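**Student:** Numbering (the working numbering), first residue to last: 262 to 759.
Below is the structure I would like to discuss, written out as structure tokens.
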């Protein structure tokens with residue numbers, strides 16, 4: 262049986278690795294910089310004869326040789342264009358492109374050689390007699406109202422000439438990967454993350470191909486796989502990209518700093534133009550890979566952000582909890598412990614520490630899934646590991662598990678609740694098991710009100726178990742009372758406090 266499993270796992274891994282090698286060896290244009298918020302903008306800007314359109318704060322690397330824009334002439338063919346790159350008053354780079362092109366993507370050549378320019382102003386000047394529409398760098402549909410929508414900036418991508426494979430550009434990718442990461446990270450950090458991913462895949466394959474009599478050891482191993490996968494996601498995903506991560510960080514930071522839970526529905530200060538305030542506002546505005554931030558591979562931008570975070574270190578605002586302030590405090594109290602440990606770090610480093618706390622919860626979730634599947638299929642040991650690893654490698658689970666979000670504790674408490682309930686179905690209801698069921702349900706309710714949706718199912722399950730144990734009705738009643746008492750005590754305490 263094991264050798265068959267080994268062949269199947271080996272074939273699957275070989276196919277995946279071979280496919281990845283083929284894809285990564287395919288040559289493609291090398292993007293060295295961009296100011297794009299989104300893939301392709303839905304807004305067009307008119308560039309009439311003799312007029313200019315520009316983009317600000319563009320990074321122009323020294324090895325950039327092409328500027329790609331998205332255009333559509335008014336009719337017929339496009340006019341000749343002049344491209345200029347400046348910082349301050351004097352143009353640093355200037356080149357021209359002949360007319361006669363049709364709608365689509367247009368690559369404008371940069372004069373070579375040229376210097377590296379940070380925070381450049383890149384402009385297009387229409388030297389022809391007819392006009393052309395150029396794609397803007399504005400999101401057409403906005404889910405957050407932070408500042409007025411503007412559509413006066415063109416979208417530009419800067420590329421190196423020629424085509425190169427991923428393997429050829431791996432050193433550049435490693436350098437970029439280290440930006441906006443923990444302060445200790447350098448280009449080597451990328452290779453550490455790749456090695457961690459490969460090791461965890463190998464560890465998962467080892468778990469599938471071996472059998473252990475120690476259930477606890479195997480559950481912990483599955484939890485370790487999930488923890489490592491969530492850890493990989495935590496450093497691959499830029500800060501504030503996990504859903505609602507900003508308000509969860511705001512809640513945690515305020516609780517860690519003051520020991521108090523932020524109040525919901527705080528009135529916005531008159532004239533306020535910020536969304537978080539304090540150091541979290543610095544991170545929001547300085548992080549380029551966000552809903553509003555432009556992508557950046559500039560070390561200069563990292564230094565600017567770190568300077569701002571150092572100036573505002575420890576400055577938290579109660580309103581930073583935002584919509585998360587309506588949630589109970591269990592997850593945030595847990596994360597606040599990590600925030601206190603990292604109190605001397607700037608917020609960017611502290612976010613990664615908070616994400617590590619969430620990754621630990623992902624490991625707990627996978628371990629409980631292992632135990633749950635064991636209770637449901639006690640005679641199929643291989644299914645226990647498979648069930649836990651399916652959760653560990655589920656992309657959305659890893660993505661959320663690598664971020665600051667109270668769903669992570671919701672997952673862990675729900676998995677623990679399912680395991681405890683399944684254990685009661687299999688081994689009977691006792692006062693201790695009733696307390697465990699009640700404690701898991703109470704922990705979920707103190708994490709997120711979504712847990713209330715589990716109460717009907719838990720109630721029906723406990724009633725069925727009690728009916729099966731009707732010959733020992735006294736034990737069943739005391740067990741149910743213990744479960745209900747744990748829930749009422751926890752929820753009642755929160756209701757009184759809130």
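Every residue gets a Cβ at the ideal spot worked out from N, C-alpha and C, and that includes glycine.
Remember, predicted model here, so these are calculated numbers, not experimental data.
In three-state terms, what does DSSP make of residue 288?
**Tutor:** It is coil, neither helix nor strand.
**Student:** Would you mind sorting residue 540 into buried or exposed? The rule is 16 or more other CB atoms within 10 Å of its CB.
**Tutor:** Its Cβ being crowded by 16 or more others within 10 Å, residue 540 is buried.
**Student:** Check residue 271 in the structure and name its three-state DSSP category.
**Tutor:** It is helical.
**Student:** Rounded C-beta distance between residue 641 and residue 631? I'm assuming under 8 Å.
**Tutor:** Incorrect: roughly 13 Å between the Cβ atoms, too far for contact.
**Student:** If we count Cβ pairs, one from each stretch, closer than 8 Å, do we get three or more for the segment 495-512 versus the segment 609-620?
**Tutor:** These segments touch.
**Student:** Could you compute how far the alpha carbon of residue 545 sits from the alpha carbon of residue 738?
**Tutor:** Whole-angstrom Cα-Cα distance: 53 Å.
**Student:** Using three-state DSSP, classify residue 434 as helix, strand or coil.
**Tutor:** Of the three classes helix, strand and coil, the one that applies to residue 434 here is helix, per DSSP.
**Student:** Would you identify the three-state DSSP class for residue 710, choosing helix, strand or coil?
**Tutor:** Three-state result, residue 710: helix.
**Student:** Could you pull out every residue in the same chain whose Cβ sits closer than 6 Å to the Cβ of residue 391, ignoring the five residues on either side in sequence?
**Tutor:** So the list reads 335 and 340, once near-sequence residues are dropped.
**Student:** Between the Cα of residue 525 and those of 704, 604 and 508, spot the shortest distance and give me the residue it belongs to.
**Tutor:** Nearest of 704, 604 and 508 to residue 525, Cα basis: 508.
**Student:** Three or more C-beta pairs under 8 Å: does that hold for the segment 447-466 against the segment 310-319?
**Tutor:** Too few Cβ pairs lie closer than 8 Å, so no.
**Student:** Check residue 423 in the structure and name its three-state DSSP category.
**Tutor:** Reduced to three states, the DSSP call for residue 423 is strand.
**Student:** If you draw a straight line from the alpha carbon of residue 283 to that of residue 471, how long is it in whole angstroms?
**Tutor:** Between residue 283 and residue 471, the C-alpha separation is close to 31 Å.
**Student:** Per DSSP, which residues does residue 343 bridge with? Please list them.
**Tutor:** In DSSP, residue 343 forms a bridge with 357 and 386.
**Student:** Please report the distance separating the alpha-carbon of residue 337 from that of residue 361.
**Tutor:** So the alpha carbons of these two residues sit roughly 8 Å apart.
**Student:** Under 8 Å: do the segment 350-359 and the segment 415-433 share three or more Cβ pairs, one atom per stretch?
**Tutor:** As far as the Cβ criterion goes, the segment 350-359 does not touch the segment 415-433, which means the pair count is below three.
**Student:** By Cβ distance below 7 Å, which residues in the same chain neighbour residue 741 in space, the five residues on each side in sequence not counted?
**Tutor:** Within the same chain, residue 741 has close Cβ partners 695, 723 and 727.
**Student:** For the alpha helix (DSSP H) that contains residue 595, what are its first and last residues?
**Tutor:** Counting along the chain, the alpha helix (DSSP H) containing residue 595 begins and ends at 591-602.
**Student:** Can you give me the start and stop residues for the alpha helix (DSSP H) that residue 568 sits inside?
**Tutor:** Unbroken alpha helix (DSSP H) run through residue 568: 560-572.
**Student:** Would you mind sorting residue 626 into buried or exposed? The rule is 16 or more other CB atoms within 10 Å of its CB.
**Tutor:** So residue 626 counts as buried.
**Student:** What residue from 705, 510 and 689 has the CA that sits closest to residue 732's CA?
**Tutor:** Per the Cα distances, 689.
**Student:** Looking at residue 683: is its Cβ nearer than 7 Å to the Cβ of residue 636?
**Tutor:** Contact: yes.
**Student:** Please report the straight-line C-alpha distance between residue 408 and residue 717, rounded to a whole angstrom.
**Tutor:** Confidence at residue 408 is low in this model, with a pLDDT of 45, below 50, so the placement of that residue should be treated as unreliable; the coordinate-derived value is given next. Between residue 408 and residue 717, the C-alpha separation is close to 44 Å.
**Student:** Where does residue 668 fall in DSSP's three states?
**Tutor:** In the structure shown, residue 668 sits in a helix (DSSP, three-state: H, G or I).
**Student:** Buried or exposed: which applies to residue 590, given that a residue is buried once 16 or more other Cβ atoms fall within 10 Å of its Cβ?
**Tutor:** Buried, since its Cβ has 16 or more Cβ neighbours within 10 Å.
**Student:** Report the residue from 485, 497, 576 and 494 whose alpha carbon sits nearest the alpha carbon of residue 519.
**Tutor:** Measuring from the Cα of residue 519, the nearest candidate turns out to be 576.
**Student:** Whole angstroms are fine: how far does the CA of residue 485 sit from the CA of residue 461?
**Tutor:** The alpha-carbon atoms of residue 461 and residue 485 are separated by roughly 9 Å.
**Student:** Does DSSP classify residue 607 as helix, strand or coil?
**Tutor:** Of the three classes helix, strand and coil, the one that applies to residue 607 here is coil, per DSSP.
**Student:** Could you check whether residue 465 and residue 659 sit closer than 7 Å to each other, using their CB atoms as the reference points?
**Tutor:** No, they are not a contact pair.
**Student:** Considering only C-alpha positions, which residue in the set 543, 510, 624 and 292 is nearest to residue 600?
**Tutor:** Cα-wise, what sits closest to residue 600 is 510.
**Student:** What's the gap between the Cα of residue 439 and the Cα of residue 595?
**Tutor:** About 28 Å.
**Student:** Just tell me which of 331, 307 and 294 has its CA closest to the CA of residue 434.
**Tutor:** When only C-alpha atoms are compared, the closest one is 294.
**Student:** Considering just the uninterrupted stretch of the alpha helix (DSSP H) at residue 725, what are its terminal residues?
**Tutor:** First-last of the alpha helix (DSSP H) with residue 725: 716-729.
**Student:** In the DSSP assignment, find the unbroken alpha helix (DSSP H) run with residue 214 in it and report its ends.
**Tutor:** This structure leaves residue 214 out entirely; the chain is present only between 262 and 759.
**Student:** Let me make sure I understand the geometry here. Which of 578, 560, 670 and 328 has the alpha-carbon closest to that of residue 517?
**Tutor:** Checking every option, the nearest Cα to that of residue 517 belongs to 578.
**Student:** Mark residue 638 as exposed unless 16 or more other C-beta atoms lie within 10 angstroms of its C-beta, in which case mark it buried.
**Tutor:** With fewer than 16 Cβ atoms within 10 Å of its Cβ, residue 638 is classed as exposed.
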